[in-house]
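K.L.:
The opening position of the sequence shown corresponds to residue 646 in my numbering, with each subsequent residue numbered one higher. Glycine residues also receive a C-beta, built at the ideal position from the N, C-alpha and C atoms.
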Amino acid sequence: MIVTTSPKPDDALRETAKRLARFLGARLVPRKKRSIARLMREEGTDTVLVVTAEGPRLYRAGVERPFVYHPNTAMIRMRHLLRGDTDPMVELMEIRPGDRVLDCTLGLAADAAVLSLAVGEGGEVVGLESEPLIAAVVAEGLRTYSSGSAAIDAALRRIRVVCADHLDYLRQCADRSFDVVYFDPMFRRPVEASSGIGSLRPFANPAPLSPEAVREARRVARRMVVMKERQGSAEFARLGFAEVHEVGNSVAYGIIRVDAP
Numbered sequence: 646m647i648v649t650t651s652p653k654p655d656d657a658l659r660e661t662a663k664r665l666a667r668f669l670g671a672r673l674v675p676r677k678k679r680s681i682a683r684l685m686r687e688e689g690t691d692t693v694l695v696v697t698a699e700g701p702r703l704y705r706a707g708v709e710r711p712f713v714y715h716p717n718t719a720m721i722r723m724r725h726l727l728r729g730d731t732d733p734m735v736e737l738m739e740i741r742p743g744d745r746v747l748d749c750t751l752g753l754a755a756d757a758a759v760l761s762l763a764v765g766e767g768g769e770v771v772g773l774e775s776e777p778l779i780a781a782v783v784a785e786g787l788r789t790y791s792s793g794s795a796a797i798d799a800a801l802r803r804i805r806v807v808c809a810d811h812l813d814y815l816r817q818c819a820d821r822s823f824d825v826v827y828f829d830p831m832f833r834r835p836v837e838a839s840s841g842i843g844s845l846r847p848f849a850n851p852a853p854l855s856p857e858a859v860r861e862a863r864r865v866a867r868r869m870v871v872m873k874e875r876q877g878s879a880e881f882a883r884l885g886f887a888e889v890h891e892v893g894n895s896v897a898y899g900i901i902r903v904d905a906p
């Protein structure tokens, strides 16, 4: 893969492109007014990360839309929280200001953003993303996205993105070091109407959640382990989530309380 910039980049864009190329171990090439298709052809690659003033855009040959960071429905949920409304996920997790939450499958960081606002300045949300390309785009988006709300922007900036496999990371965590450990793996049966996840899917890790990861999460969590899946998914039973709460028309949350027998 290669990293490049939009045409006529300023110094800030060039520095961002250099930083992301180092992180990804990718070649940094000048744009030279070339189209994405021409870049792929001339540079012999099928994947191009373009650094623009609006954030990174990730292109792959054969994929219709580029992957870009956007908070999507998290923005609506965060504005509801700021108005004093509730959020079903925050309620189910019993999130309190000052909590530490480990999001093991960061993706677009939509849930991490809501959780970051809910835990406040005294809390912490760590987001793990196993795929370096997604981690790079999302981390940069969280760093630079402007929502028009100081409170929302601050919540985005507070999320600590770590590019790591969640099982490896959990193994090195101390016992009871996070209040909640959260999993939102790629659904075994995708919700096709979910446009927000569509551009992410070609770059995401499709591996199912393992029982070992859930066991480690139970050790690390002080309060509960939570998994998001499609309603009716057999994953809840397979992984030992006996307490399941359906939310909306398609999503459910499985909960394992660490003090449960």
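1) Leaving out the 5 sequence neighbours to the left and right, which residues in its chain are closer than 6 Å to C749 when beta-carbon positions are compared?
2) Return the first residue and the last residue of the alpha helix (DSSP H) that Y814 is part of.
3) If we count the other Cβ atoms within 10 Å of its Cβ and call it buried at 16 or more, is R722 buried or exposed?
4) Rounded to the nearest angstrom, what separates M720 and R788 at their Cα positions?
5) Measuring CB to CB, does A754 end up less than 8 Å from L815?
6) Would you report the Cα separation of A796 and R802, rounded to the nearest angstrom?
7) Let's see if you can read the secondary structure: which residues bound the alpha helix (DSSP H) around E688?
8) Please report the straight-line C-alpha distance between S844 and V806, rounded to a whole angstrom.
9) Terminal residues of the continuous beta strand (DSSP E) containing E785?
10) In three-state DSSP terms, what is K873?
11) Suppose the cutoff is 7 Å on Cβ atoms and the five residues either side in sequence are ignored; what does the same chain contact list for Q876 look like?
12) T661 lies in the alpha helix (DSSP H); which residues open and close that run?
13) Grab me the residues of G700's own chain with a C-beta within less than 8 Å of its C-beta, minus the 5 sequence neighbours each way, in chain order.
14) Using only alpha-carbon positions, find the residue among I901, P856, A866 that is nearest to V746.
15) Please classify A849 as buried or exposed, where buried requires at least 16 other C-beta atoms within 10 Å of its C-beta.
P.N.:
Taking the coordinates as given:
1) Counting from one through the sequence shown, the residue named residue 749 turns up at place 104. L773, H811, F828, listed in sequence order.
2) As a first step, residue 814 must be located in the sequence shown, where it is residue number 169. Segment 811-816, the alpha helix (DSSP H) holding Y814.
3) Your numbering for residue 722 matches position 77 in the sequence shown. Under this definition R722 is a buried residue.
4) As a first step, residue 720 must be located in the sequence shown, where it is residue number 75. As a first step, residue 788 must be located in the sequence shown, where it is residue number 143. Going by the C-alpha atoms only, they are around 15 Å apart.
5) Indexing the sequence shown from 1 puts residue 754 at position 109. Indexing the sequence shown from 1 puts residue 815 at position 170. Cβ atoms of A754 and L815: not closer than 8 Å.
6) Walking along the sequence shown from the start, residue 796 turns up at place 151. Walking along the sequence shown from the start, residue 802 turns up at place 157. Cα to Cα, A796 sits roughly 10 Å from R802.
7) Translated into the one-based positions of the sequence shown, residue 688 becomes position 43. First-last of the alpha helix (DSSP H) with E688: 681-688.
8) Position 199 of the sequence shown, counted from the first residue, corresponds to residue 844. Position 161 of the sequence shown, counted from the first residue, corresponds to residue 806. Between S844 and V806, the C-alpha separation is close to 20 Å.
9) On the sequence shown, residue 785 is found 140 positions in, with the first residue counted as 1. It is not in any beta strand (DSSP E) - E785 instead sits in the alpha helix (DSSP H) that spans 777-789.
10) The residue labelled residue 873 in the question sits at position 228 within the sequence shown. It is a strand residue.
11) The count along the sequence shown starts at 1 and reaches residue 876 at position 231. Around Q876: E891, S895, V896, A897.
12) If you number the sequence shown from 1, residue 661 lands on position 16. Its alpha helix (DSSP H) spans residues 656-669.
13) Translated into the one-based positions of the sequence shown, residue 700 becomes position 55. For G700, the CB contacts under 8 Å within the same chain, skipping 5 residues up- and downstream, are V713, Y714, V782, E785, G786, T789, Y790 in chain order.
14) Numbered from 1 along the sequence shown, position 101 holds the residue referred to as residue 746. For the residues I901, P856, A866, the minimum Cα distance to V746 belongs to A866.
15) On the sequence shown, residue 849 is found 204 positions in, with the first residue counted as 1. Buried, by the Cβ-count rule.
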